[in-house]
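**Student:**
2 protein chains.
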Amino acid sequence: MHNAVEAIDFAELVRKAGLRPTRQRLSLARQLFLNGDRHVTAEQLHSESLGQGFGVSLATVYNTLHQFTTAGLLRELVVDAGRSYFDTNVSAHHHLYFEDSGELRDVPGDNVTIGDLPALPDGAEISRVDIIIRVKNGDGTS
Amino acid sequence: MHNAVEAIDFAELVRKAGLRPTRQRLSLARQLFLNGDRHVTAEQLHSESLGQGFGVSLATVYNTLHQFTTAGLLRELVVDAGRSYFDTNVSAHHHLYFEDSGELRDVPGDNVTIGDLPALPDGAEISRVDIIIRVKNGDGTS
DNA sequence: TAGTTTATTAGAATGATTCTAATTTAACTT
DNA sequence: AAGTTAAATTAGAATCATTCTAATAAACTA
Chain A
1 MHNAVEAIDF AELVRKAGLR PTRQRLSLAR QLFLNGDRHV TAEQLHSESL
51 GQGFGVSLAT VYNTLHQFTT AGLLRELVVD AGRSYFDTNV SAHHHLYFED
101 SGELRDVPGD NVTIGDLPAL PDGAEISRVD IIIRVKNGDG TS
Chain B
143 MHNAVEAIDF AELVRKAGLR PTRQRLSLAR QLFLNGDRHV TAEQLHSESL
193 GQGFGVSLAT VYNTLHQFTT AGLLRELVVD AGRSYFDTNV SAHHHLYFED
243 SGELRDVPGD NVTIGDLPAL PDGAEISRVD IIIRVKNGDG TS
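Chain order of the listed sequences is A and B. In terms of my numbering, the first sequence opens at residue 1 and continues consecutively. In terms of my numbering, the second sequence opens at residue 143 and continues consecutively.
Structure follows, in structure tokens:
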């Protein structure tokens with residue numbers, strides 16, 4: 001989707017999300033989308049941004065992650081109690097979670113198929129199906 | 143699995159989990175398993191236990207929930223960041239989550255089938271596959 | 001540029017969970 | 001049954017991720 005070969009207009013990206021292209025949001029968008037396919041926590045992104053010499057407060061990291069999520073640029077996912085990951089891949093896909101290392105890896109959506117879904121109550125509508133394949137004894141590096 | 147018709151020997155249940163059948167653990171086991179099929183948070187169980195006139199501290203509720211989970215009597219599940227549910231149904235099944243009400247409902251395991259799983263790294267082994275079907279606009283009461 | 005709106009921020013507040021250290025209880029021994 | 005020991009319970013403090021607050025700053029609009 002996004003890649004390092006063709007340049008991404010981050011200001012455009014942020015504006016399309018209905019947000020002002022501030023230095024902070026552009027900086028975070030660059031971190032998230034420049035090399036694509038990331039699974040980050042707010043803390044990770046925050047310390048990464050500090051390491052790059054751009055002071056972005058943790059509050060802004062949280063604000064921005066939520067705004068990007070609302071705008072459909074990110075998908076929030078919960079695998080562990082007490083910590084949210086944000087996935088830059090918003091297309092249909094699922095996750096492989098390495099319990100030992102905490103690493104999260106995408107599984108193409110068509111690699112997993114769901115057979116019959118249960119009947120839903122009247123008026124109910126599926127907003128999303130999350131599939132997390134939890135794996136142990138494997139470091140996720142092979 | 144558990145039901146209200148045939149009596150459950152809670153002391154036996156707790157002992158089989160390698161734990162001493164204390165008043166607190168027996169009380170919590172009764173709350174959890176007497177009528178079966180529950181999805182509770184620690185806080186819920188705690189206030190419920192207080193309401194029944196048995197003073198069980200929140201710390202003990204957490205300890206007990208984790209011990210029961212380790213013993214295979216409960217399954218911990220995370221649908222929302224920042225709050226764990228404990229499911230008394232430990233057989234293979236998945237979940238329907240009503241985003242509006244926060245209600246969680248079981249989906250029989252054979253109601254959902256997974257087609258192809260991705261290749262796993264060497265040495266990796268699937269410990270569990272969690273499927274959460276998120277539903278909106280439905281109160282879960284029909 | 002002036003005025004208005006939206007963002008950012010430090011630090012306080014919150015909420016779930018875990019930890020600590022002291023007390024109590026269960027189980028074992030004699 | 002009393003004494004001993006290991007395990008369990010507890011209140012309250014501590015922790016960690018996240019959200020809130022209210023003040024300052026930057027972006028947009030006219």
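Using N, Cα and C, we set each Cβ at its ideal position, and we do this for glycine too.
(1) Apply the 10 Å Cβ neighbour rule to A/ILE126 and answer buried if 16 or more other Cβ atoms are within range, or exposed otherwise.
(2) Who are the Cβ neighbours of A/LEU13 in its own chain at under 8 Å, not counting the five residues just before and after it?
(3) Can you list, in chain order, the residues of the stretch 16–36 of chain A whose Cβ is nearer than 9 Å to any Cβ on chain B?
(4) Go to B/ARG247, then tell me how far its beta strand (DSSP E) extends in each direction, as first and last residue.
(5) Return no unless some Cβ of chain A is closer than 8 Å to the Cβ of B/GLY224.
(6) Let me know the secondary structure DSSP gives B/LEU161 once reduced to three states.
(7) Hey, out of B/ALA223, B/VAL232 and B/GLN173, whose CA is closest to B/PRO250's CA?
(8) Exposed or buried, A/SER27, counting other C-beta atoms within 10 Å across all chains shown (16 or more means buried)?
(9) Taking only beta-carbon atoms, is A/VAL61 less than 8 Å away from chain B?
(10) If distances are taken between C-alpha atoms only, which option among A/ILE8, A/ILE133, A/GLU48 and A/ALA42 comes closest to A/GLN67?
(11) Have a look at A/ASP106, A/ASP80 and A/ASP116 and flag the residue whose alpha-carbon is nearest the alpha-carbon of A/ASP100.
(12) Under 8 Å: do the stretch 112–132 of chain A and the stretch 272–279 of chain B share three or more Cβ pairs, one atom per stretch?
(13) Between the C-alpha atoms of A/ARG75 and B/GLY197, what's the straight-line distance to the nearest angstrom?
(14) Helix, strand or coil for A/LEU96, going by three-state DSSP, please let me know.
(15) Just to confirm the assignment: which complete beta strand (DSSP E) runs, minimum length 3, are found wholly within the stretch 23–93 of chain A?
(16) Confirm, please, whether the CB-CB distance from A/LEU117 to B/PRO260 is below 8 Å.
(17) When you compare the CB positions of A/THR88 and A/ASP37, do they come within less than 8 Å of one another, or not?
(18) By Cβ distance, which residues of its chain are closer than 6 Å to A/ASP106, with the 5 residues on each side in sequence left out?
(19) Who are the neighbours of A/ARG128 on chain B, taking C-beta pairs under 7 Å?
(20) Name, please, each residue of chain A whose Cβ falls closer than 7 Å to the Cβ of B/GLU241.
(21) Run down chain B in chain order and give the residues with a C-beta less than 8 Å from the C-beta of A/VAL112.
(22) If you follow the beta strand (DSSP E) that A/ILE8 is part of, which residue opens it and which one closes it?
(23) For B/ASN279, return the contacting residues in chain A, with the cut-off set at a CB-CB distance below 7 Å.
(24) Report buried or exposed for A/SER142, applying the criterion of at least 16 other Cβ atoms within 10 angstroms of its Cβ.
(25) Taking the beta carbon of B/ARG162 as the centre, do at least 16 other beta carbons fall within 10 Å, making it buried, or is it exposed?
(26) Is there a C-beta anywhere in chain A that falls below 8 Å from the one on B/VAL182?
(27) Under 8 Å between C-beta atoms, does A/VAL107 make it to chain B?
(28) For the beta strand (DSSP E) that B/SER243 lies in, which residues bound it at each end?
**Tutor:** With the given structure in hand:
(1) A/ILE126 is exposed by the Cβ-count criterion.
(2) Result list for A/LEU13: ALA29, PHE33 and LEU73, in chain order.
(3) Flagged: no residues at all.
(4) Residue range 246–250 is occupied by the beta strand (DSSP E) that includes B/ARG247.
(5) It does; some Cβ of chain A falls within 8 Å.
(6) In the structure shown, B/LEU161 sits in coil (DSSP, three-state: anything other than H, G, I, E or B).
(7) Per the Cα distances, B/VAL232.
(8) Residue burial annotation: A/SER27 is buried, with at least 16 other C-beta atoms found within 10 angstroms of its C-beta.
(9) It does not: the Cβ of A/VAL61 has no partner Cβ on chain B nearer than 8 Å.
(10) The shortest C-alpha separation from A/GLN67 is found at A/ALA42.
(11) A/ASP100 has its Cα closest to that of A/ASP80, out of A/ASP106, A/ASP80 and A/ASP116.
(12) At 8 Å Cβ cutoff, the stretches touch.
(13) One C-alpha to the other measures close to 41 Å.
(14) A/LEU96 carries a strand assignment under DSSP once its states are collapsed to helix, strand and coil.
(15) The qualifying runs are 75–80 and 83–87.
(16) Taking a C-beta distance under 8 Å as the contact criterion, B/PRO260 and A/LEU117 do not qualify as a contact pair.
(17) In contact: A/THR88 and A/ASP37 (Cβ atoms closer than 8 Å).
(18) ASN89 and HIS93.
(19) Those are ARG276, listed as they occur along chain B.
(20) The contacting residues are SER127.
(21) What A/VAL112 touches in chain B: ILE256, GLY257, ASP258, LEU259 and PRO260.
(22) First-last for A/ILE8: undefined, no H or E at that position.
(23) Ordered by position in chain A, the residues that pass the 7 Å Cβ test against B/ASN279 are GLY123, ALA124 and GLU125.
(24) Note that A/SER142 has pLDDT 48, beneath the 50 cutoff, so the model's placement of it is unreliable and no number is given.
(25) With fewer than 16 other Cβ atoms from the protein chains shown falling within 10 Å of its own Cβ, B/ARG162 counts as exposed.
(26) It does not: the Cβ of B/VAL182 has no partner Cβ on chain A nearer than 8 Å.
(27) Yes, its Cβ sits closer than 8 Å to a Cβ of chain B.
(28) Unbroken run through B/SER243: none, as it is neither H nor E.
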